[in-house]
Structures are given as C-alpha cells and as structure tokens.
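Quick notes on the structure that follows.
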Amino acid sequence: MNLEKVDKSRFEPKRPGSQDIAWCPGCGNFGIRNILITALAELGLNPNEVAIISGIGQAAKMPHYIKANGYHTLHGRAIPIATGVKTANPELTVIAEGGDGDMYAEGGNHLLHAIRRNPDITVLIHDNQIYGLTKGQASPTTMKGIKTPTQPWGVFEEPFNVIALAIALDASFVARTFMGYFRESVEIIKKAIEHKGLAIVDIFHPCVSFNKVNTYAWYREHTYWMDDHDSYDREAAFKRAIETDPLPLGVFYINEKPTFEELVPAYKRDKTPLWKREPKVEEIRKILDIKRRL
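Using my numbering, the first residue of the sequence shown is number 636, and each one after it goes up by one.
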C-alpha cells in the first residue's frame, strides 16, 4: 500500500458546521484526531465499519469530529458501552476514547474490569495530565509538584501509572505513545486496532491552555522509544513500565488470549451477531412478568 496516497477524506464529517472544532489552537487533540483518521484509512476501514464511543471531556468530543458511528455517553462510561456495542455487533471496529480524567478517574473501575473481561475493543486515552474541559484541575496522571487552580500549593499525590497497572493485571495489549511522533503513533494505533482483545493505548499530548509544564518540548525531552524491547516478556514490560524519566514509548506488552465475545455463551450456540437476531418476545415477557412479581 502506498501510504502517501491513502484517502482519509471518507472519515471527514460533511455535515454543516461539523468542522467547528471546539479545541484550543495548538491542542494535542487535533494531532490525535489526524493520527486516528490516518490509522483507520490505512487499515482500509470505512466509516460504517467503525464505532467511536466516548465519555465526557475535551478528548471525548472525538465522535463529533470523525465520520463514523459514534456514541457520546456519560462521564467515565465509554468502556462498558463500547463493550456492549462490540458484543452486540462483533463485526464492528470499536474504539473507546477519552481523557486521563475520564478514563482513569471516573472510568477507572471500568478499565480494571475491561482488562479482566478482555473485550475486542481499542481504548485510546488522551493523556495530557490535566482536566482540560473544567479549566485545569489535577487529573490522576498529573505529576507531583504541579500547581493547579485547586492545588495552588502543588500536587502532592503520586501520579497513576496505568501502564504498570495494566501489565500487572495481565492485560492483552498495552502501549504508550506521544502524538508529536506522527508516524510512530499511527503504527501503534494500527497494531492496537488489529490486535484481537483489549488494546490500551496511553497517548501523551500537551494541554496548551492549562498545563504549562508538559509541553511539546517536554515530551520530546523526557521520552524515548523502546527499540530493543520484547513485548511478549511480561517481566521486562513491567520493568519498563515503572521507569519515570525518561518515560518509555512503544508497545510494552502483548498477551494473546480469548476475547469476551468468544466466551459469551450466546455466541457458543449461535455465531449470528446479536443485533441480527429476532428478539424472543415471549421470553422477554416472561422475564418482565417475573420482575413485576418481585
């Protein structure tokens, strides 16, 4: 495939007013949007084959700005909705997307259980180490010492290391990138989407309005690529995950195992996607009658 000639325009919204993107000039989310659209196009996918599910936040606006199936759900709830979408229609490429606050704070519980269930979805976390939508409060990944409107003395809590957590829980695919590295980020997201199982990708990007520490230059100076890393070695992956400065980028860990959809009893009896099946009205009535009598 000639990557220079890949047509990305099919993922560009054509609705009136759809190009009015509500992100600050210079926001890293623009770059992540371009990276994701490029990855989807290079994989040969079409908008009707993709579903993007998001929660609340600046990153969670993504379904509005990409032409694909989309669902803008509640704060922190993108992952369970994405799991439901994939279970009902395994033929879709399903992406759950949100920020570090949305996915690691409000949605942290869902992330833990998604690792346990291993649905075949891709989780993209826009990690700018701050709450951008609500004007700059500390998020779970904010570094110690950074001053915010609600922590004027400086953050004193340890930042959340989701990479180490995911590897410790034996997640199926764990990666991290910085959106300033365009081609490398495209390739990582392509690998994540092609991976069969839960793929977690933490994406560093700057918040140009509310985080003046973790800038484009800061990420380039404080990260490195794991060129010699064996992604199938869990112990080596964990050792890399707990490194702090510089921070490693790349695919940390791959552990291929059965997916949630493969193990769901409904698909053991019948491979027909749930959304294509005729509802069993009488069985539903019986369930409702039992509920009414309780």
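The beta-carbon is built from N, C-alpha and C at its ideal position, and this holds for glycine as well. Here the structure is a predicted model, which means the values were calculated and not measured.
Whole-angstrom distance between residue j and residue i, CA atom to CA atom
| i | j | result |
| --- | --- | --- |
| PRO604 | VAL843 | Beyond the ends of the chain as shown, which are 636 and 929, falls residue 604; an answer cannot be given. |
| GLN772 | PRO893 | 39 Å |
| ASP805 | ALA799 | 10 Å |
| TRP658 | TYR700 | 11 Å |
| ARG818 | THR812 | 11 Å |
| LYS825 | GLY666 | 16 Å |
| LYS903 | THR722 | 13 Å |
| ASN849 | MET778 | 9 Å |
| ASP762 | PHE839 | 5 Å |
| ASN890 | TYR851 | 31 Å |
| ASP655 | ARG875 | 40 Å |
| GLU896 | TRP788 | 47 Å |
| TYR854 | LYS702 | 30 Å |
| ASN681 | PRO908 | 19 Å |
| LEU923 | VAL899 | 23 Å |
| GLY679 | GLU647 | 15 Å |
| LEU624 | ALA803 | This structure leaves residue 624 out entirely; the chain is present only between 636 and 929. |
| GLU726 | ARG912 | 14 Å |
Under 7 Å between C-beta atoms of residue i and residue j
| i | j | result |
| --- | --- | --- |
| PRO837 | VAL797 | In the sequence under discussion, the amino acid at residue 837 is Asp, which differs from the Pro named in the question. Cβ atoms of ASP837 and VAL797: closer than 7 Å. |
| THR757 | ILE828 | yes |
| GLY690 | ALA713 | yes |
| LEU884 | TRP910 | no |
| ASN753 | LEU833 | yes |
| ASN664 | ILE765 | no |
| GLN693 | LEU768 | yes |
| LEU882 | HIS857 | yes |
| THR932 | VAL685 | Residue 932 is absent from the model: the chain starts at 636 and stops at 929. |
| GLY711 | GLU741 | yes |
| GLY733 | ALA695 | yes |
Residue i - DSSP class collapsed to helix/strand/coil
| i | result |
| --- | --- |
| PHE845 | coil |
| HIS761 | strand |
| SER644 | helix |
| LEU768 | coil |
| TYR851 | helix |
| ASN664 | helix |
| TRP910 | helix |
| LEU671 | helix |
| ASP868 | coil |
| VAL797 | helix |
| VAL821 | helix |
| PRO881 | coil |
| PHE791 | coil |
| ALA686 | strand |
| ALA806 | coil |
| ILE828 | helix |
| ILE781 | coil |
| TYR859 | strand |
| VAL886 | strand |
| ILE750 | helix |
Contacting residues, own chain, Cβ-Cβ under 7 Å from residue i (five flanking each side not counted)
| i | result |
| --- | --- |
| THR673 | LYS643 and VAL821 |
| ALA801 | ILE750, VAL809 and ILE835 |
| GLN786 | ALA773 |
| TYR816 | none |
Residues near residue i by beta carbon distance below 8 Å, same chain, minus five either side
| i | result |
| --- | --- |
| VAL641 | THR673, ALA676 and GLU677 |
| ILE877 | ASN796 and ALA799 |
| PRO629 | The displayed coordinates of the chain run from 636 to 929. Any statement about residue 629 would go beyond what the structure contains. |
| ILE716 | ILE688, TYR706, THR708 and ALA731 |
6 Å CB neighbourhood of residue i in its chain, flanking five on each side removed
| i | result |
| --- | --- |
| HIS707 | SER689 and PRO698 |
| VAL790 | ALA773, THR777, LYS779 and ILE781 |
| LEU709 | none |
| GLY661 | VAL843 |
**Prompt:** Which whole runs of the beta strand (DSSP E) in the region 695 to 747 are 3 residues long or more, in chain order?
**Reply:** 704 to 707 and 728 to 734
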